[in-house]
Amino acid sequence: MSRTPARPSIAVVTCYRHPDYVRAASLRAALRESGMYGTVRVVKNRRTGVLRYAEVTGSLLRMLSNRPDAYLVTFRGYEILPVVLLLAGGRPVYYDEFINPVEWFVQEHGKFPEGSLRARLLRAIFRRLMLRSARVLTDTASHADHSAALMDVPRSHFSPVAVGTDEETFRPMERTWSPDRLRVLYYGSMLPLHGLEVVLAAAESLAADARVSFTFVGGGEDDAERIAEAGSRGARVRHVSWVPYAELPALFAEHDLMLGGPFGATTQAQFVVTGKTYQFLACALPTVVGENLESDVFTDRSDALVVPLGDSAALADAVGWAADHTDELSRIGSRGRELYERLFSVHRIAIELRAALGAQHAADVEDARDHEQ
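Using the working numbering, you'd call the opening residue of the sequence shown number 12 and step up by one each time.
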């Protein structure tokens, strides 16, 4: 009587200053739910400085006597990916790209000029690493399209898997809305794709509407100065330097309209659903999103408010509409939650992982086992 092969094991490797960043956490949860693996081993750093690389490398070395059947390297994995590929012993290594380093350093932030030696070298190195990986995961289909073209890697080598969020922290909220006020929340790192300047211009154009106020959370000193300058020109704004992660749901509950974005007219903004958008949708809160290559899943004024990228007038119009229709916001938030459950939940991510890694993963694992024997 033949024995049923044991379900394979996988190590989820994270080496990032935020080792429990939502992308890594949602992938770990979805892998467990997928049922593909008998064991999901988490390898992550505790140190947050440069010593994290030595720490994670040490953990991988200690696993050599009992290697998992596969590895998944989560964001920000491009620094530790060469080490994992070296130590994997022929086992499949799946690389969660999430943000393409060439897109980030060359296109989005211009740290390496297009066509420069540094840009070409960066592309050549990471193209090779991507091709050595068994599969590359991205956050969206359009990001996969862009990365495949940018890196000259076959599109079939990529699988989009939604980001989702921490569903223990971000849950549906019971809310009421007053017709006399609209408190708008914008929070995050305020990178160019998020479009702080677009939001501030919209806030200034709504200065005469006493119902509308904006709260900005996060950013650095330069961002705080820009927010203060908008306030000096009449915008109803306040800035909070930061709010601890565990207190974000309470912050959300104090506001009536959430700005998910992205609103900046940048390269990266074309391809993303922002992390805060997933959080807001999971909380059943009305959310404004930027119109891009991924926004066709949203229906304006049904499950979200949708505005063009880089258009402060359109954003101001959307906020003004929300102030005039606060009785519609509960419905929009509820439908946004339904959309989240259908497309972005951990359950949905588990399905996407089974599709991305399923048959190919089984073949890769079997090949590695045969090679070892």
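Virtual Cβ for every residue (Gly too), placed ideally from N, Cα, C. Just so you know, these numbers come straight off a predicted model, no measurement behind them.
DSSP three-state assignment for residue i, whether helix, strand or coil
i    : result
D328 : helix
L148 : strand
D107 : strand
A246 : coil
T337 : helix
V357 : helix
S170 : strand
V61  : coil
D156 : helix
R102 : coil
R237 : helix
H205 : helix
V284 : coil
T68  : helix
G369 : helix
W115 : helix
Q384 : Note that Q384 scores 43 on pLDDT, short of 50, meaning its location in the model is unreliable; the coordinates nonetheless yield the value given after this. Q384: coil per DSSP, three-state reduction.
F137 : helix
P260 : helix
R129 : helix
F86  : coil
L38  : helix
M184 : coil
I343 : helix
F291 : helix
R213 : According to the sequence as given, residue 213 is Ala; it is not Arg. If DSSP states are grouped into helix, strand and coil, A213 belongs with the helices.
E44  : helix
Y351 : helix
Per DSSP, cross-strand counterpart(s) of residue i
i    : result
I21  : V51 and A81
Q269 : Looking at the sequence provided, one finds Met at residue 269 rather than Gln. Answer is L196 and T298, bridged to M269.
A315 : D311
V228 : Y198 and V251
V223 : L193
Burial state of residue i, where buried means 16 or more other Cβ atoms lie within 10 Å
i    : result
D163 : exposed
N77  : exposed
E305 : buried
W253 : exposed
K122 : exposed
A246 : buried
E215 : buried
V308 : exposed
G369 : exposed
A212 : buried
V61  : exposed
A379 : Only weak support is given to the placement of A379: the predicted model assigns it a pLDDT of 45, under 50, and the value that follows is read from those uncertain coordinates. Answer is buried; the Cβ neighbour count reaches 16.
Y256 : exposed
T59  : exposed
A239 : exposed
D335 : exposed
S144 : buried
R63  : buried
G271 : buried
G231 : exposed
Close Cβ partners of residue i (< 8 Å) along its chain, the five nearest in sequence each way excluded
i    : result
R129 : F123
D381 : Any answer about D381 is weak, because its pLDDT of 47 lies below 50 and its placement is not dependable; what the coordinates show is given next. Counting only Cβ-Cβ distances below 8 Å, and skipping sequence neighbours, we find nothing.
D338 : W188 and P190
A159 : P165, R166, H168 and F169
P79  : P19, S20, I21, A22, T50, R52 and R102
L133 : P112, V113, F116, V117 and F123
Same chain, Cβ closer than 6 Å to residue i, neighbours up to 5 away in sequence not counted
i    : result
R249 : T226
A35  : T25 and T85
S224 : R194 and R247
P30  : K55 and N56
M269 : L196, F291, L296 and T298
P93  : none
R28  : T59
A235 : H250
A293 : T176, F181 and Y351
L148 : D107, S170 and V172
Q281 : N303 and L304
Same chain, Cβ closer than 7 Å to residue i, five either side skipped, listed in chain order
i    : result
V318 : V299, G301, E302, A325, L326 and A329
R244 : E215
G175 : S37, Y289, F355, S356, V357 and I360
A219 : none
R365 : S45 and M47
Q279 : E114, E119 and L204
Closer than 7 Å: residue i CB and nearest the ligand PLP heavy atom
i    : result
H250 : Because no ligand of any kind appears in the structure shown, any question about the ligand PLP cannot be addressed here.
* For the 8 Å Cβ check, are there 3 or more pairs between the segment 39 to 51 and the segment 107 to 124? -> no
* Would the segment 339 to 349 and the segment 311 to 327 be scored as touching if the rule is three or more Cβ pairs under 8 Å? -> yes
* **the segment 144 to 155 contacting the segment 95 to 112, beta-carbon criterion three pairs below 8 Å** => yes
* Asked: Are at least three pairs of beta-carbons, each pair with one atom in the segment 137 to 147 and one in the segment 63 to 73, less than 8 Å apart?
  -> no
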